[in-house]
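Just so you know, the protein sequences line up as chains A and B, in that order.
Position 91 of the first sequence, counting from 1, maps to 872 under the working numbering, and the rest follow consecutively.
Position 109 of the second sequence, counting from 1, maps to 541 under the working numbering, and the rest follow consecutively.
Glycine residues also receive a C-beta, built at the ideal position from the N, C-alpha and C atoms.
Note that this is a predicted model, so its numbers are computed, not measured.
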Amino acid sequence: MDGSSPDGYGSTTRDEWLVVLCRFFESWGLTDGLLARSAAERVLRVADAQMPRASASPLDPTRIAARWIRAMADDGVERSDWFFRAPALLGRFPAAFLETEIPDVIGEDFVELLPELAPRSMPEQEVIGPITHAVRVAAEAMEGVAAQAAQRSSTDNRLMRELR
Amino acid sequence: MSREKFRSIFVVTLPVVLATAFASGLLGVTLSRGGWSPPEILLQGTFTILFTWIAFWLWVALIGAYRLAATRKTRRALAELEASRPPLETLRTAIVVPIHNEDPDAVFARVRSMLESLAAVGASAAFEMFVLSDTTDPDIWLREELAWAEIRKLPGLSRIFYRRRLHKFRKKSGNIADFCKRWGARYEHMIVLDADSIMDGAVMVEMVRRMEAAPGLGILQAPSMLTLRDTLFARAEQFAAATYGPAVFAGIAYCFGSAGNYWGHNAIVRVKPFAEQCGLPGLPGRPPFGGPILSHDFVEAALMRRAGFEVRLAWDLTVGSYEQGPASLDIARERDVRWCRGNLQHLRLVFAPAFSAGSRAHFAIGALFYGISGLWAAYILFVAARYAMDGESGVTTGFEHYAPLVLSGCVAFVLLGGKVLAAVLAKLEAPLRAKSAKLVRSTALEILLSTLIAPIRMVSQLTCVIAAVSDTSMDWAAARRDEQQWTLRGAIRSQGLETAVGIVLAVTLFSIGPGLALWLSPVWLGLLAAIPVDALLSSRRLGRALRARGLFVTPAEAAPPEVIRRALELEREHALAPSTFAARFESFVTDAWLNTLHVGLLRAAGSRELSPTVVEPLVARILADGIEHLSKRESIVVLSDATVMERLHRLRCLERAESSAA
């Protein structure tokens, strides 16, 4: 792995990746330096192996490392429990972590920290003042009277036409 | 005629009207002996309104006191029955905690304590908690995320979520509305809390049960007791709320029945009708009476009533529901400015069609609460004017004997009669709270302090009304919850006006007549002493000393509820180590786990991705000089963009890797 990687890493050497990954694992609770380095080397091996398949977009080894951590910590019960459990698990059971298989693919959303959306519409209510209300009532009444008058006049017209 | 209507007319309104007619008639007879002068007519008018006001509240307290006494045994039996019911298990309720630039250590200590309290009653599975942040301070934002993550890491406390709103529309009401729009269909009810609220798990369970038992109940408001403050001012208020509150709450619940009010926190709300019927409109016209609704809770309660749902006060749940009161006169005034603006805006809604009579009454009472100070001030002026016009002869007309006596008698009855009765009942309600002698001494001291403060608050509230009417900015400042150290400079700034009014009033009254000045001495003396009184009231040492002597001790202090004790313990133990914003920001950039947490939260809430022309120069400045050279606003922009935060993380990692490799 010598190559370019997305999102700002640019051209990164293997040694630099090793340092980046060691720090990455350290952040996630794997504080033993030797184990972190061994985990980092394993990630780079997987990245090298997957490289030919990932022709469209270059691989980011930290994403592989994150996938690996999730594979170890996620018990599939609560959406984001694994994320909060992982630092403690990696710190306490590093050997178990290193024994975990690195999965090929993992879901689109790496970590879901909020529950699934369950939307409800909340329309703005209308609150009108007494004057507006009175004007509306008067307008409605006038409209009613006008409609009745129009109806009456059309009936009269019809009658007149029939009489003629 | 419905039972509630009969009750509101004959049990609530009629006695108040009769009492006011009697007292007002007595004053009228006294004043009219020498014919009616303009000040006398005005005096009569203001007296009638003021007497109605105090008679109403006395009557509410008396009704409540009777209700408390009459239902004591039944309530105890019901409480025992409730405790034996099986725990709630089905997830139906969200607990929402809207926050805005609050102390994260205190907020999350309370939140964790409440979650533990729910777990203790076996109800964890029935609730999910949302901390809904509108924080605008970048450092507090990061501290909130850290504090939330600390709780989230704990086993068994996974049902707590944190969401910071990126696109802000309206303040607290907008924050809650955003929650309803995103997750409203997930829950049957939501318990709305304030940042300083704390509720016992058993009380929250009980509120859910009451909502489930009454499908027509839209909002159930729990009374909240003031707690967790040490200043003398706050301790006196805490004592007053704990001692007189239960009777007043019971009275209010009786008077308003199903047309109760909502105070915006420590309440459970039925989500579906709330979302469908309580979306707040903007009011037509210009501020201060038009524009967005500032004080949302009263309006939401009125809209809920308009939709046909009941709004009730759970007056018997006075144990287990708490909040913090203001720590000093100055902070109380800031709160008054906010509330006053909101309540005066409600005047527009008093006559809006389709609201229930109860909702109109709440709007009117809320506005009158601030208007009443103006009436007291006007009353004093009219008394002085009449005295000035009649001179010493006023003494012989009988006015000097009757009007002050009637008013003084009524005020004394309200202050002493109502408060003493409530104190006796409070002792019966919570027999272990304090020895009777200490309760009597505390009540006497509270009466003395509230009398001393009354003229100061009269002037202060009057200035609030003027500020509210003249200010059109519609800015609703965040609540201040700190207990700042008292300084003379600060006191002169906050109480200077009151002192000046006291001087002018004293000089004017003495120039009119020493008799009048003597009679009104509690008013001008209180104002003259505003600065030293403020110093006394702001003193934590004095507050703690009184507590050590068993004075102003509330039931929540005599036997601290576990939820409060635990919250205090957690706040002490888990306070984040002091750090700078720059250091905290750096850890969110360099630490992969924290960076993932922040980016994950941004993406979940709908990350804002700004144009590179805005963000790129900021990124360049951070990389060159560090975050500390960015303004708060610029820092917020960077922190709000998930892509930028990820990129900064990678660039920083690379930087370190290069230097390590080298």
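Does the separation of the CB atoms of residue i and residue j fall below 8 Å?
i, j, result
"V782 of chain B", "R792 of chain B", "yes"
"N698 of chain B", "S605 of chain B", "no"
"R389 of chain B", "P530 of chain B", "Outside the displayed range of chain B (433 to 1094) lies residue 389 of chain B, so it cannot be described from this structure."
"I996 of chain B", "T659 of chain B", "yes"
"V640 of chain B", "T525 of chain B", "yes"
"A691 of chain B", "R737 of chain B", "yes"
"R744 of chain B", "L652 of chain B", "yes"
"G683 of chain B", "E742 of chain B", "no"
"G696 of chain B", "D729 of chain B", "yes"
"A627 of chain B", "E732 of chain B", "no"
"I1159 of chain B", "I592 of chain B", "In the structure as shown, chain B starts at 433 and stops at 1094, and residue 1159 of chain B therefore has no counterpart that could be examined."
"A511 of chain B", "L857 of chain B", "no"
Ends of the beta strand (DSSP E) at residue i?
i, result
"A1099 of chain B", "The requested residue 1099 of chain B does not occur in the structure, where chain B is confined to residues 433 to 1094."
"F562 of chain B", "559-565"
"F529 of chain B", "Sequence inspection shows Val at residue 529 of chain B; the Phe mentioned does not correspond to that position. Note, V529 of chain B: beta strand (DSSP E), 525-531."
"E755 of chain B", "753-755"
"F593 of chain B", "592-596"
"G650 of chain B", "649-653"
Between which residues of its own chain and residue i is the CB-CB distance below 6 Å, once the five residues before and five after are set aside?
i, result
"V448 of chain B", "A487, F488, W491"
"Q1170 of chain B", "Residue 1170 of chain B is absent from the model: chain B starts at 433 and stops at 1094."
"S971 of chain B", "L664"
"L937 of chain B", "W956"
"Q927 of chain B", "A962, I963, D966"
"S753 of chain B", "M631, V635, A654, S656, N698"
"V827 of chain B", "A caution first: V827 of chain B carries a pLDDT of 44, below 50, which makes its placement in the model unreliable, though a value can still be read off. For V827 of chain B, where only same-chain residues beyond five positions count, there are no Cβ hits under 6 Å."
Establish whether the CB of residue i and some CB of chain B are separated by less than 8 Å.
i, result
"F805 of chain A", "yes"
"A835 of chain A", "Note on A835 of chain A: pLDDT 49, under 50, position unreliable in the model; no value is reported."
"G910 of chain A", "yes"
"R901 of chain A", "yes"
"W809 of chain A", "yes"
"T793 of chain A", "yes"
"P896 of chain A", "yes"
"Q906 of chain A", "yes"
"F865 of chain A", "yes"
"D813 of chain A", "no"
"P868 of chain A", "yes"
"E797 of chain A", "yes"
"V801 of chain A", "yes"
Kindly list the residues whose CB is nearer than 7 Å to the CB of residue i, restricted to its own chain and excluding five residues on each side of it in sequence; keep chain order.
i, result
"A784 of chain B", "none"
"L983 of chain B", "K870, R873, S874, L877"
"A854 of chain A", "W863, R866, A867, L870"
"L1042 of chain B", "V1069, D1073"
"D783 of chain A", "Residue placement at D783 of chain A cannot be trusted, given a pLDDT of 44 that sits under 50; the coordinates are not used to answer."
Cβ of residue i less than 8 Å from any chain A Cβ?
i, result
"G740 of chain B", "no"
"L564 of chain B", "no"
"Q777 of chain B", "no"
"P785 of chain B", "yes"
"G798 of chain B", "no"
"C1085 of chain B", "yes"
"T1028 of chain B", "yes"
"F593 of chain B", "yes"
"L735 of chain B", "yes"
"P712 of chain B", "Residue identity check: residue 712 of chain B is Leu in the sequence provided, not Pro. With 8 Å as the cut-off, L712 of chain B counts as an interface residue toward chain A."
"S590 of chain B", "yes"
To which residues of the same chain is residue i closer than 8 Å at the C-beta, ignoring the five residues directly before and after it?
i, result
"T1045 of chain B", "none"
"S825 of chain B", "Residue placement at S825 of chain B cannot be trusted, given a pLDDT of 45 that sits under 50; the coordinates are not used to answer."
Taking the alpha helix (DSSP H) that residue i falls in, what are its first and last residues?
i, result
"E742 of chain B", "Looking at the DSSP string, E742 of chain B is not in any alpha helix (DSSP H); the run it does join, the beta strand (DSSP E), is 742-745."
"I1068 of chain B", "1064-1071"
"V939 of chain B", "920-944"
"V918 of chain A", "911-944"
"H1030 of chain B", "1024-1037"
"I888 of chain B", "868-902"
"S434 of chain B", "Taken as a continuous stretch (DSSP letters only), S434 of chain B belongs to no alpha helix (DSSP H), as it is neither H nor E."
"W573 of chain B", "570-584"
CB of residue i to nearest heavy atom of the ligand FMN: below 7 Å?
i, result
"R1082 of chain B", "As presented, the structure is devoid of all ligands, the ligand FMN included, so that no description of it is given."
Whole runs of the beta strand (DSSP E) within the region 461-487 of chain B, excluding any shorter than 3 residues: Runs of the beta strand (DSSP E) inside the region 461-487 of chain B: none found.
Every unbroken beta strand (DSSP E) within the region 593-644 of chain B, with a cutoff of 3 residues, ordered by chain: Those beta strand (DSSP E) runs which fall completely within the region 593-644 of chain B and span 3+ residues are 621-624.
Ranges of the alpha helix (DSSP H) found wholly within the region 966-999 of chain B, counting only runs of at least 4: 972-980, 987-990
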